[in-house]
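Residue numbers (this note's numbering), protein chains in the order written: chain A, 1 to 277; chain B, 1 to 277.
What follows is the structure in structure tokens.
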């Protein structure tokens, strides 16, 4: 008998990561909460789990640094992506009003997505490892509120004091499934992701690389720089493009680019954005 | 009588931001700790303070998103920069050993710069608003340790249990002085910073902009994308170049670029990297 596929995500239960995982994976998959993203990648790369679902980018707060760093460090592939709309609410114990509060708790990303709101109510912040941990804390402390999703209100018996408090309405987080195994399936609606570093680490040298894409009319959906950890001013570039690496034009372009860069890593080709609910 | 210049920084006392501020500003400047970076920018833009010293980029963890967002939101100028080497230590109450610990506390950036170490000692993390807040917490809880700089050990009477625990040796944070006033002084060793957004928000269009720099042999020291907050896939680009905006070649290039972009903002020209101690 084959055992079920095991997939790690950033837990605990009730986080947006869990929601993304439930959308991306089949019902018979065993999904396993992890305390932090680095642990997920370590277990994945040593085959303790089969796949991982991790956040990679948010439309308000930008890249998730630890995910990009792990993708550059480990030898893994992206199999799929999901853009999940993120709505944050302010949750409190039943009957608590805004005047009763003396602290707002949440994960740093959630806090960063609600800065204007937090500033407008003028309460101190307490950052925590997850929105679920913050919710648990609020069940014990009546003067605390948690910023998180509405699922937490049911799970922790909390009241929604204020709804949809994120700074920007179109707040979306992109999640990816990461695996040790590659896939080559072309869906006709694909995206390809690579990481490169430039000779001499000169950001200006990026021009020559972008020229290769522009020349071949390859549409880039994202260019993101990350520190190479080799000192200030030295970067890796994460580039996403429309098309599959087995499309002839992409294949040719990537071959040319490989000859021009100091480091090249293919993160995979996968179907573009499965829309979240 | 003229009152002293007032400069805001991310407090409380004992943080790397304070250290950077003391290096960057004169002795007779009044330096004022703030609870968060957004508050600093708000007070600066409404002239409550004269200048602000804020972290903008770390060589391990990358950009400080809230600083970039504030630079794009408010109409302010960069006057100066400083690259400060960042060494993190693990601090505990006197006599406490690693086996006694059940939690590691610090600011999310400090935690992110010491991920490998934290993973190797396998203790849970508790993120806090500042390293100084975490140090204060450790003075009360003997089973907690704080990741922070050695100044905290004196200020809070803590012992250094482990030294220089950051993941990468060349760990540097770049700080900038931000002001309402511009300056035009050419030092001969200058840098110019701009923000642009592209028509249609296509990252591939960055190629045409980089071409203008490459054509004129202008060396770029940094290209950083940030979400424009208008939805997934739409970015602003922060570009730093060598040279002063009053250098003829930079002036011409920037004029050409202004005609090709949807949004253009000059953040200023300023002397390149004052080395920290």
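Ideal Cβ positions, reconstructed from N, Cα and C, are used throughout, including at glycine. Fair warning: this is a prediction, and the values are worked out from it, not measured in the lab.
Checklist line | Cross-chain neighbours of residue 65 (chain B) in chain A, by beta carbon under 7 Å | finding: Neighbours of residue 65 (chain B) across chain A, judged by C-beta separation under 7 Å: 61, 62, 112.
Next item on the list: Could you check the C-alpha separation between residue 253 (chain B) and residue 176 (chain B) for me, to the nearest Å?
Entry: For residue 253 (chain B) and residue 176 (chain B), the distance between alpha carbons rounds to 24 Å.
Check: Around the C-beta of residue 267 (chain B), are 16 or more other C-beta atoms found within 10 angstroms, so that it is buried, or is it exposed?
Finding: Residue burial is scored here from C-beta neighbours: residue 267 (chain B) has at least 16 other C-beta atoms within 10 angstroms and is therefore classed as buried.
Next item on the list: Just grab the DSSP bridge partners of residue 58 (chain A) for me.
Entry: Residue 58 (chain A) is bridged by DSSP to A:62, A:173.
Check: Since residue 206 (chain B) meets chain A, which of its residues come closer than 7 Å, beta carbon to beta carbon?
Finding: Counting only Cβ-Cβ distances below 7 Å, residue 206 (chain B) has contacts in chain A at 210, 223, in chain order.
Check: Mind checking residue 229 (chain B): buried by the 16 CB within 10 Å criterion, or exposed?
Finding: By the 10 Å Cβ count, residue 229 (chain B) comes out buried.
Next item on the list: Quick one: list the residues of chain A neighbouring residue 168 (chain B), beta-carbon separation under 7 Å, in chain order.
Entry: For the C-beta of residue 168 (chain B), the chain A residues within less than 7 Å are, from N- to C-terminus, 229.
Checklist line | Best match in B:52, B:215, B:206, B:195 for proximity to residue 239 (chain B) [C-alpha to C-alpha] | finding: Comparing Cα positions, the closest option is B:195.
Checklist line | residue 84 (chain B) versus residue 189 (chain B) - alpha carbon distance | finding: Approximately 19 Å, taken between the alpha carbons.
Next item on the list: Using a Cβ cut-off of 9 Å (strictly closer), state whether residue 263 (chain B) contacts chain A.
Entry: It does not; no Cβ of chain A falls within 9 Å.
Item checked: C-beta neighbour in chain A for residue 172 (chain B), strict 9 Å -> For residue 172 (chain B), the nearest beta carbon of chain A is closer than 9 Å to its own beta carbon.
Check: Going straight from the alpha carbon of residue 178 (chain B) to that of residue 78 (chain B), what length do you get?
Finding: Between residue 178 (chain B) and residue 78 (chain B), the alpha-carbon positions lie close to 5 Å from each other.
Next item on the list: Could you confirm whether any beta carbon from chain A is found closer than 9 Å to the beta carbon of residue 199 (chain B)?
Entry: For residue 199 (chain B), the answer is no, since every Cβ of chain A falls outside 9 Å of its Cβ.
Item checked: DSSP beta-bridge partners of residue 42 (chain A) -> Paired residue(s): none; residue 42 (chain A) is not in a bridge.
Next item on the list: Assign residue 172 (chain A) to buried or exposed, taking buried as 16 or more other Cβ atoms, counted over all protein chains shown, within 10 Å of its Cβ.
Entry: By the 10 Å Cβ count, residue 172 (chain A) comes out buried.
Check: Would you report the Cα separation of residue 251 (chain B) and residue 61 (chain A), rounded to the nearest angstrom?
Finding: Straight-line Cα distance between these residues: approximately 32 Å.
Check: Are residue 48 (chain B) and residue 24 (chain B) closer than 9 Å when you measure CB to CB?
Finding: The answer is no: Cβ separation not under 9 Å.
Check: Taking 9 Å as the CB-CB cut-off, is residue 24 (chain A) touching chain B?
Finding: Output row for residue 24 (chain A): interface = no.
Notebook entry, point to check: Going by the beta-carbon positions, is the gap between residue 224 (chain A) and residue 68 (chain A) smaller than 9 Å?
Noted result: In this structure, residue 68 (chain A) lies closer than 9 Å to residue 224 (chain A) by Cβ.
Margin query: Using only CA atoms, which one of A:134, A:57, A:76 lies nearest to residue 92 (chain A)?
Written below: It is A:134.
Next item on the list: Out of A:122, A:241, A:181, state which residue places its alpha-carbon closest to the alpha-carbon of residue 213 (chain A).
Entry: Taking residue 213 (chain A) as reference, the option from A:122, A:241, A:181 with the minimal CA-CA separation is A:241.
Item checked: Cβ-based burial, residue 262 (chain A) [other Cβ within 10 Å; buried from 16] -> By the 10 Å Cβ count, residue 262 (chain A) comes out exposed.
Next item on the list: My understanding is that residue 15 (chain B) touches residue 139 (chain B), with C-beta atoms under 8 Å, so please give their C-beta distance in whole angstroms.
Entry: Going by Cβ atoms, the distance from residue 15 (chain B) to residue 139 (chain B) rounds to 16 Å, so no, they are not a contact pair.
Notebook entry, point to check: Do residue 146 (chain A) and residue 104 (chain A) have their C-beta atoms closer together than 9 Å?
Noted result: Between residue 146 (chain A) and residue 104 (chain A), the gap from beta carbon to beta carbon is short of 9 Å.
Checklist line | Buried versus exposed, by CB contacts within 10 Å (16 or more), residue 9 (chain B) | finding: Buried is the call here.
Checklist line | DSSP state of residue 17 (chain B) mapped onto helix, strand, coil | finding: It is helical.
Note to self: By DSSP's criteria, residue 138 (chain A) is part of a beta bridge. Which residues make up the other side?
What the structure shows: DSSP output for residue 138 (chain A) lists no bridge partner at all.
Item checked: Cutoff 6 Å; reference residue 277 (chain B); Cβ partners in own chain excluding five residues on either side -> Its pLDDT being 45, under 50, residue 277 (chain B) is placed unreliably by the model, and the measurement read from it follows with that caveat. None.
Check: Can you tell me whether residue 200 (chain B) is buried or exposed, with buried defined as 16 or more other CB within 10 angstroms of its CB?
Finding: Residue 200 (chain B) should be labelled exposed.
Checklist line | Chain-order list of residues whose beta-carbon lies under 6 Å from that of residue 161 (chain B) (same chain, five-residue window excluded) | finding: Excluding residues within five positions, the ones whose Cβ falls inside 6 Å are 90, 92.
Item checked: residue 46 (chain A), buried or exposed, once every other Cβ within 10 Å from all chains shown has been counted against 16 -> By the neighbour-count rule (16 or more Cβ atoms within 10 Å), residue 46 (chain A) is not buried but exposed.
Item checked: Cβ-based burial, residue 244 (chain A) [other Cβ within 10 Å; buried from 16] -> Buried, since its Cβ has 16 or more Cβ neighbours within 10 Å.
Item checked: Close Cβ partners of residue 34 (chain B) (< 8 Å) along its chain, the five nearest in sequence each way excluded -> Contacts found: 8, 9, 10, 11, 40, 43.
Notebook entry, point to check: Checking contacts by CB at 9 Å: is residue 213 (chain B) closer than that to chain A?
Noted result: At least one CB atom of chain A sits nearer than 9 Å to the CB of residue 213 (chain B).
Notebook entry, point to check: For the candidate residues B:22, B:118, B:248, whose alpha-carbon lies nearest to that of residue 186 (chain B)?
Noted result: If we check each option's Cα against that of residue 186 (chain B), B:248 comes out closest.
Margin query: Counting only beta-carbon separations shorter than 9 Å, does residue 277 (chain A) have a partner in chain B?
Written below: Because residue 277 (chain A) sits at a pLDDT of 45, beneath the cut-off of 50, its placement in the model cannot be relied upon, and the point is left open.
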